[in-house]
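Position one of the sequence shown corresponds to residue 12 (our numbering), numbered consecutively onward. Backbone N, C-alpha and C fix where the C-beta goes; we use that ideal spot for every residue, glycine too.
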Amino acid sequence: KAYKQALRIDSENLQILRDLSLLQVQMRDISGFLKTRNTILSLKSNQKINWLTYAVAKHLNGDLEGAVSVIDIYIGTVPEDSDELKRGYESSELAMYKNRLLSEVPDNLQAALDHLDECKKVVVDETAWRMTKGTYQLRLGRYEDAQQTFMSLLDRGLTEDYRVHSGYMCALLEADDETCQAAAKLKGTRTLATMKPLAGDQRKVLLNTYQENLAERFPRSAAVRRIPLTLLEGEALKAAIDGYCRKGLSKGVPSLGCDLSALLLIEQDGKYVPATDPADVRAHSTTVMITDLVDAYIASLSTGSKFPNGEGSESPSTIMWTWYLRAYLHEICGEYSAALAMIEKSIEHTPTGVDMYELKGQILKASGDIEAAAECLDAGRDLDKQDRYINNQTTKYMLQANKEDVALERIALFVKHEGNPE
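As structure tokens, then:
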């Protein structure tokens, strides 16, 4: 009301109009925002920011074609030899934004794909350009072209981007538009193979591609080695997990347990969802398989310092990481006493391992003893006072344990202040 009253006195005050537009968009008054930006554009049409903000206002208001028209009118006012029409960051982002608007217009994917080819010469972010192109090709049913596009992304070094792998899988299996859109929204290490159950012949196609073609083409890619674990079944899966675990334990990978837990999926309403309930985790066939393998590792490493049927001796840290993995498996199964007993072995073996204290604190918190968890993390923090992550975790646990003064002292270690941590 105050801004509108001020505009009655001076209706062409640009500062008041800009402030009003910011307030309107924050309050989600989109129609008012559109009107205000239109007024600003009419008063100051020689500034690029006013054209682009008006286009955004049209976009937010649902007028996609109007937003495209605003951008086209602005580009038409720019001289042909201007730097704004040459390859550069700003012209690249403007071209990709216009392309996004075109793709959101119903039944307009072909026009968006054509525009993408037209603007290639000015686009700086070629990775985003190729990803967008592959997505359009999938949705238009051009699966062979999509395969080539996603393969080019893998060749460019995006072998660890699971979104690229999902797109490549969709192209291989010629998935429908709904499936392709759902796969594009997956996060983390999830792919089409972990999104919904696949038929036997579909699994075979993906397995052959990853084990025979991509494994040879990208031998150092962790994602290419891991994705077959989500496609195999039975003894073949057990053998693959065996090799994957041995390599991770020998290298000392703390996230191995979390990585393997992503394989624990249960089917609900025709889709896969992660198993989170301890009862579901314990009953899962893959959990039983991994547990049996890890128990065999512990027995063999404890007596002979090598894996079952292993050729050479392992380093002393391998048994520690194996205990660590077993403790994590106990934790996700809700077996907290057994998890604590196992992580204590790891701490006794290597008292300076910060990761051991982090997992012990996590187990104690899950079992309900938040005060002991906070003290455990604080002990781990003392081992590496340069580690910002464990310091922040310690602060978080201290707050949950109602130890605000201690939490303030811990967080102040990584806060620049002059005598007052607050």
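Check                                                                                                                                                                                       : Outcome
Do LEU124 and TYR154 have their beta-carbon atoms positioned less than 7 angstroms apart in this structure?                                                                                 : no
Decide if the region 336-345 is in contact with the region 279-299; the criterion is three or more beta carbon pairs, one per stretch, under 8 angstroms apart.                             : yes
By how many angstroms is the C-alpha of TYR65 removed from the C-alpha of VAL133?                                                                                                           : 23 angstroms
At what residue ranges does the region 112-173 contain a whole run of the alpha helix (DSSP H), taking only runs of 4 or more?                                                              : 120-129, 137-150, 154-166
For GLY321 and ASP118, what's the separation of their Cα atoms in angstroms?                                                                                                                : 58 angstroms
Does the Cβ of GLY152 have 16 or more other Cβ atoms within 10 Å, making it buried, or fewer, making it exposed?                                                                            : exposed
Quick check: what's the CA-CA separation for THR302 versus ARG337?                                                                                                                          : 7 angstroms
What are the start and end residues of the beta strand (DSSP E) that includes ILE277?                                                                                                       : 276-279
Hey, would you say TRP370 sits closer than 7 angstroms to ILE381, going by beta carbons?                                                                                                    : Just to set this straight, residue 370 is Leu in the shown sequence, not Trp. No; because the gap between Cβ atoms is not below 7 angstroms, this pair is not in contact.
Per DSSP, what kind of secondary structure is LYS59 in: helix, strand or coil?                                                                                                              : helix
Helix, strand or coil for GLY285 per DSSP?                                                                                                                                                  : The amino acid occupying residue 285 in the given sequence is Pro; Gly does not appear at that position. Strand.
Kindly list the residues whose CB is nearer than 8 angstroms to the CB of ALA390, restricted to its own chain and excluding five residues on each side of it in sequence; keep chain order. : TYR368
So what's MET206 in DSSP terms, helix, strand or just coil?                                                                                                                                 : coil
Report yes if the C-beta distance between LYS356 and TRP334 is below 7 angstroms; otherwise report no.                                                                                      : yes
So, with DSSP's three-state summary, where would you put THR518?                                                                                                                            : The displayed coordinates of the chain run from 12 to 433. Any statement about residue 518 would go beyond what the structure contains.
My assumption, with CB atoms under 8 angstroms, is that TYR179 sits in contact with MET162. Please give the rounded CB distance.                                                            : 7 angstroms
Just tell me which of VAL235, GLU386, GLU325 has its CA closest to the CA of GLN222.                                                                                                        : VAL235
Can you tell which of MET142, LYS376, GLY281, LEU225 has its C-alpha closest to the C-alpha of MET409?                                                                                      : LYS376
With the cut-off set at 7 angstroms, would you say THR363 and MET331 are in Cβ contact?                                                                                                     : no
Helix, strand or coil for ASN402? Go by DSSP, reduced to three states.                                                                                                                      : helix
With DSSP run on the structure shown, which of helix, strand or coil describes PHE229?                                                                                                      : coil
Whose C-beta lies closer than 7 angstroms to the C-beta of THR297 among residues of the same chain, with five residues either side of it excluded?                                          : LEU274, LEU275
Could you tell me whether the Cβ atoms of LEU71 and ILE41 are closer together than 7 angstroms?                                                                                             : yes
Under three-state DSSP, which class holds ASN224?                                                                                                                                           : helix
Where do the ends of the alpha helix (DSSP H) carrying VAL264 lie?                                                                                                                          : Unbroken run through VAL264: none, as it is neither H nor E.
Determine the burial state of GLY452: buried for a count of at least 16 other Cβ atoms within 10 Å of its Cβ, exposed for fewer.                                                            : One cannot answer for residue 452 here, as it falls past the ends of the chain, which runs 12 to 433.
From the DSSP output, in three-state form, read off ASN413 for me.                                                                                                                          : coil
Are ARG392 and THR406 touching if we call contact CB-CB under 7 angstroms?                                                                                                                  : no
The alpha helix (DSSP H) spanning MET300 covers which residue range?                                                                                                                        : 296-315
Among LEU96, LEU75, GLU104, which one has its Cα closest to the Cα of LEU113?                                                                                                               : LEU75
If we count Cβ pairs, one from each stretch, closer than 8 angstroms, do we get three or more for the region 303-316 versus the region 242-257?                                             : yes
Which one of THR200, LEU34, LYS109 has the shortest CA to CA distance from GLU129?                                                                                                          : LYS109
Based on Cα-Cα distance, which residue from LEU217, PRO289, ARG228, VAL299 lies nearest to GLU246?                                                                                          : VAL299
Could you work out which residue in ALA349, LEU164, THR170 is closest to ARG231 when comparing CA atoms only?                                                                               : THR170
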